[in-house]
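Written out below as structure tokens is the structure these notes cover.
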Amino acid sequence: MGASPARLVIALSVAAALAIFVVYTALAGAGVAQLTPSTVSAAKGSVILVGQVVGPIHVSGDTRRFAVKDIRSANTDRVYVDYRGSVPDLFKRGAEISVGGRMRHGSFAATPGSLVTKCPDHYAPAKSSSQNA
Amino acid sequence: MAALGRAALLLAFGLFAYALIAGSYAAWRKRRRLALSAQNALIAAFPATLVASAILLVALGRHDFTFAYVAEHTSRNLPLGYTLSAFWGGQEGSLLLWLVILTGYAALAVWLNRRQRELIAWTVPVFGLIAVFFSFMLCFVSSPFHQQVAPADGKGMVPSLQNPYMLAHPPMLYLGYVGLSVPFAFAMGALLSGRTDERWIVATRRWTLAAWTFLGVGQLLGAHWAYTEIGWGGYYAWDPVENAALMPWLAATAFLHSVMIQEKRGMLKVWNMVLVALAFNLSVFGTFLTRSGVINSVHSFSQSPIGAWILGFLIFTVAFSVVLIRWRLPLLRTKTRLESLVSREATFVYNNLLLVALALTILWGVLWPVLSQAVGQTRSLSKPYYDFFLHTFGLPLILLMGIGPLVAWRKASVRSLGKTFLIPFGVAVVTGGVLLGLGFDSSWAGLLAYTFSAFVVASIVLEFVRGRAAAGGIRRLVSRNRRRYGGYIVHAAVVLLAIGIAGSSAYQTIRENTQLRPGQSMEIAGYTATYRTIADVKGADYTGFRSVLTVTGHGEGFTVDPGTNYYGPVVGSSTEASIYHDPRTLGDFFATASCVTTASGACRADGAIDLTLLVKPLINLIWVGGFVFVFGALVAMWPDAVEQRRLAARYAAGAAPAGI
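So the sequences go chain by chain: A and B.
Counted from 1, the first sequence has number 233 at position 44 by the numbering used here; the numbering is strictly sequential.
Counted from 1, the second sequence has number 658 at position 100 by the numbering used here; the numbering is strictly sequential.
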């Protein structure tokens, strides 16, 4: 089993690819924390908030203020989100959303343009949504 | 009707179970007649799944709301095309589509290869195993034939799914995902039977190619749909569900390349097994991702208990592949070694390394929220992470597309290489220099992508020019080695994709949410857009507005009319982007608008709008690349009589197949 130089170079290349990955993830790859309305209140720095829109959506100018709660959870914690800018088509009461931003004075100051809604494969009118959970 | 559907699925389940159990026993004890009957059971299951599918389609077409599935996903006023597309609009139907495609593929692949008895004897039970799982789900866990008292009308379909793309995009992806089970079944069959030569590769080459093409086309359709319909100006967002389709495609791309080394030089046998298992398991993983809702995605369809079932199946198939490969390792050892780093083989190895590295880093990104949750807090990785690895591993891949075809097998001399690469290298240097002079260094990744693309194009053109001189005509050249030249055409398509992606992302210009009143104008990337007027629009089930803008610049004058449709409080509104394809720059002028509202939510009387404009250079090359991609793949797939004769002769010379 004489090791050929070709094999050595390929092994080194694999090691190099791994090294790039490890270094990158160590320096920049931890990602952004993903929190739910019940856990976001103590968050520091920018995070992603994942939740379900509840209650009325207040619109003033191009700013919207609405509350979100944990998805499919009996937890009653609510967080108010302030969002400026246009929203996706599917954004409405009951929509499951993910939005970036940071906590400021007890409510969530969202980054413009960061709001995404989930595509449902069910079209359930609001009234009967409890029937097809 | 529903009872017949259930019966057909139960029958199919029984046939698959028979193909699995009797087939395994027959292959193990070498019972030829029993193996044949298992094979026939597998083939006979196809009509059974077809019957089940036909019943669901008929129920959809007749608005038979006694089928819970039909009532759940369609309504009476839904046009017929979308009504039928509800077949794959929901979970149960999607599973049935999986199964019917799987059995169709399995029946045809097994029948076409029926003469390779030893290989097929073990391939049949592997197909049976996969199909048993999906038919079990359909019979006992998630049946599309669940009945109920018919409501007056169904619940209807989400408007975003009522779109021509949804007629083609999901089936294409399924044809791709499921298609990867063919090479997987044959590979596992080869391991089980001990026939680890390259027959399984030859038998499944076109299947892999077809699955890979479908997967690619499916993703491009999805990208085009997102671009034209969603109205955010992008086409790929590194969303887990999008990544779920990209990963198996990357693994299959690596596989398509590395099998050539095994065919030509008998090397990389273990690696090919690993790749085919990786591609298949990633496609099951993709099914799991889309169906389980474990990972937060824009597309997380329904969260349902079948996620746990698919996860169980995935764990099983991963373990199954690992154990089999480990068990047959001694048979997969090869005597041939990589002789030189300057050889075709070496470039293929590097190509594989980069493709797999890219696929695995994407996998890491997709899994990171789950992994980080396990050790503490849920965190997610986004665009910067994916972009970094796309650049790090993707750009060298482009370069390799230009190098690989020009390097000789086994061992190339450095001197001959210098001569071969003189022209492509010169073209690349000149292109890079010119682009640098034009100020393209605003994005180093874009600059490198263009420079490397020039290199690849030059080397492909060179190959065709040289080959044509030797063969006397392009057609004769291509027909002499369809696989090779089809491959080059696909490479050209990938270059078009790379140029389009780099142009539309690295060099795009965005002006977001500028408030304009009629008569005002704004400038972007050499265009001047003047907002003329706002008009109300009214359709069958919506009201809305269109803002009319005239745009001049780059020697062009055109009109765009972005706006919004409002479908009522339940459905909500839909952004109607307006896109102008500029034939001179091959780029797009992309506009979306929302009207500035009063406190009551109505549009303001002065017609003020928030306008978002994007100029995306060269983006149309992505879609052009899609057509070239399909064309190249077809050339490579086309039946080749010369190749068949060559293979037949090769096997006739080999060991006579021992009967089982």
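Virtual Cβ for every residue (Gly too), placed ideally from N, Cα, C.
Applying the criterion that 16 or more other CB atoms from any shown protein chain within 10 Å of the CB defines a buried residue, is residue i buried or exposed?
{"i": "His727(B)", "result": "buried"}
{"i": "Ile1032(B)", "result": "exposed"}
{"i": "His294(A)", "result": "exposed"}
{"i": "Ile1092(B)", "result": "buried"}
{"i": "Leu980(B)", "result": "exposed"}
{"i": "Pro927(B)", "result": "buried"}
{"i": "Ser1105(B)", "result": "buried"}
{"i": "Phe252(A)", "result": "The sequence shown places Thr at residue 252(A), not Phe. Exposed is the call here."}
{"i": "Phe1148(B)", "result": "buried"}
{"i": "Gly714(B)", "result": "buried"}
{"i": "Thr265(A)", "result": "exposed"}
{"i": "Asn801(B)", "result": "buried"}
{"i": "Pro683(B)", "result": "buried"}
{"i": "Val992(B)", "result": "exposed"}
{"i": "Pro277(A)", "result": "buried"}
{"i": "Ser249(A)", "result": "exposed"}
Using 8 angstroms as the threshold, is the C-beta distance between residue i and residue j below it?
{"i": "Pro954(B)", "j": "Leu912(B)", "result": "yes"}
{"i": "Thr1108(B)", "j": "Thr1117(B)", "result": "yes"}
{"i": "Gly1183(B)", "j": "Leu975(B)", "result": "no"}
{"i": "Pro1175(B)", "j": "Thr1150(B)", "result": "no"}
{"i": "Ala570(B)", "j": "Ser693(B)", "result": "yes"}
{"i": "Ser1079(B)", "j": "Thr1072(B)", "result": "no"}
{"i": "Gly737(B)", "j": "Ala784(B)", "result": "no"}
{"i": "Thr681(B)", "j": "Val668(B)", "result": "yes"}
{"i": "Ile868(B)", "j": "Arg849(B)", "result": "yes"}
{"i": "Ala284(A)", "j": "Val242(A)", "result": "yes"}
{"i": "Thr661(B)", "j": "Thr607(B)", "result": "yes"}
{"i": "Gly639(B)", "j": "Leu725(B)", "result": "yes"}
{"i": "Ser1223(B)", "j": "Tyr1125(B)", "result": "Any property of residue 1223(B) remains undetermined from this structure, which presents chain B solely from 559 to 1218."}
So, for residue i: in the same chain, excluding its five sequence neighbours on each side, which residues have a beta-carbon less than 7 angstroms away from its beta-carbon?
{"i": "Ala565(B)", "result": "none"}
{"i": "Ser235(A)", "result": "Val221, Gly289, Gly290 and Arg291"}
{"i": "Thr816(B)", "result": "The displayed chain sequence assigns Ser, not Thr, to residue 816(B). Contacts found: Leu826, Trp829, Asn830, Leu833, Phe906 and Asn910."}
{"i": "Gln674(B)", "result": "Arg757 and Ala761"}
{"i": "Arg1142(B)", "result": "His1112, Gly1113 and Glu1114"}
{"i": "Ser1017(B)", "result": "Gly960, Pro963, Leu964 and Pro982"}
{"i": "Tyr312(A)", "result": "Any answer about Tyr312(A) is weak, because its pLDDT of 40 lies below 50 and its placement is not dependable; what the coordinates show is given next. Taken in chain order, the list of residues that qualify is empty."}
{"i": "Leu836(B)", "result": "Ala809"}
{"i": "Val1023(B)", "result": "none"}
Could you tell me the distance, in whole angstroms, from the CA atom of residue i to the CA atom of residue j?
{"i": "Ser287(A)", "j": "Trp807(B)", "result": "28 angstroms"}
{"i": "Gly1145(B)", "j": "Val1173(B)", "result": "7 angstroms"}
{"i": "Phe742(B)", "j": "Pro245(A)", "result": "52 angstroms"}
{"i": "Asn839(B)", "j": "Phe698(B)", "result": "23 angstroms"}
{"i": "Val740(B)", "j": "Gly240(A)", "result": "40 angstroms"}
{"i": "Ser901(B)", "j": "Met959(B)", "result": "14 angstroms"}
{"i": "Ala1056(B)", "j": "Val775(B)", "result": "16 angstroms"}
{"i": "Leu767(B)", "j": "Arg823(B)", "result": "20 angstroms"}
{"i": "Leu224(A)", "j": "Lys941(B)", "result": "19 angstroms"}
{"i": "Glu676(B)", "j": "Ser595(B)", "result": "14 angstroms"}
{"i": "Tyr1100(B)", "j": "Ile237(A)", "result": "33 angstroms"}
{"i": "Trp546(B)", "j": "Phe1185(B)", "result": "Residue 546(B) lies beyond the residue range present for chain B, which begins at 559 and ends at 1218; the question has no answer from this structure."}
{"i": "Ala932(B)", "j": "Leu939(B)", "result": "16 angstroms"}
{"i": "Ser751(B)", "j": "Arg884(B)", "result": "14 angstroms"}
{"i": "Arg1204(B)", "j": "Trp1196(B)", "result": "16 angstroms"}
{"i": "Ser841(B)", "j": "Leu882(B)", "result": "19 angstroms"}
{"i": "Ala204(A)", "j": "Val1095(B)", "result": "60 angstroms"}
{"i": "Phe1010(B)", "j": "Gly572(B)", "result": "54 angstroms"}
{"i": "Pro605(B)", "j": "Phe772(B)", "result": "23 angstroms"}
{"i": "Ser227(A)", "j": "Val270(A)", "result": "13 angstroms"}
{"i": "Thr786(B)", "j": "Pro1076(B)", "result": "25 angstroms"}
How about residue i: is its C-beta nearer than 8 angstroms to some C-beta of chain D?
{"i": "Phe946(B)", "result": "Within the model displayed, chain D is absent; protein chains A and B are what it includes."}
Given residue i, which residues of its chain have a CB within under 6 angstroms of its CB, disregarding the five upstream and five downstream residues?
{"i": "Ala1060(B)", "result": "Gly1004 and Ala1007"}
{"i": "Pro702(B)", "result": "Leu614, Tyr627, Glu650, Gly651 and Leu654"}
{"i": "Lys1041(B)", "result": "The identity of residue 1041(B) in the sequence shown is Arg, whereas the question assumes Lys. Cβ within range, chain order: Ala1194."}
Let me check you understand the geometry: is the CB of residue i closer than 7 angstroms to at least one non-hydrogen atom of the ligand GTP?
{"i": "Ala219(A)", "result": "No copy of the ligand GTP appears in this structure; indeed no ligand is present at all."}
So, for residue i: in the same chain, excluding its five sequence neighbours on each side, which residues have a beta-carbon less than 8 angstroms away from its beta-carbon?
{"i": "Arg1162(B)", "result": "Cys1153, Val1154, Thr1155 and Thr1156"}
Relative to chain B, which residues along the stretch 190 to 215 of chain A have a C-beta separation below 7 angstroms, given in chain order? Of all residues in the stretch 190 to 215 of chain A, Ser193, Ala195, Arg196, Val198, Ile199, Ser202, Val203, Ala206, Ile209, Phe210 and Tyr213 have a Cβ within less than 7 angstroms of some Cβ in chain B.
Taking Cβ-Cβ distances below 9 angstroms as the criterion, which residues of the stretch 1136 to 1150 of chain B are in contact with chain A? Under the 9 angstroms Cβ criterion, the stretch 1136 to 1150 of chain B contributes Thr1150.
Interface residues of the stretch 245 to 276 of chain A facing chain B [CB-CB below 8 angstroms]: Under the 8 angstroms Cβ criterion, the stretch 245 to 276 of chain A contributes Val248, Ser249, Gly250, Asp251, Arg261, Gly274 and Ser275.
Contacting positions in the stretch 1061 to 1079 of chain B - beta carbon closer than 8 angstroms to chain A: Under the 8 angstroms Cβ criterion, the stretch 1061 to 1079 of chain B contributes Glu1070 and Asn1071.
Please list the residues of the stretch 220 to 236 of chain A that have a C-beta atom closer than 8 angstroms to any C-beta atom in chain B, keeping them in chain order. Here the close residues are Gly220, Val221, Ala222, Gln223 and Leu224.
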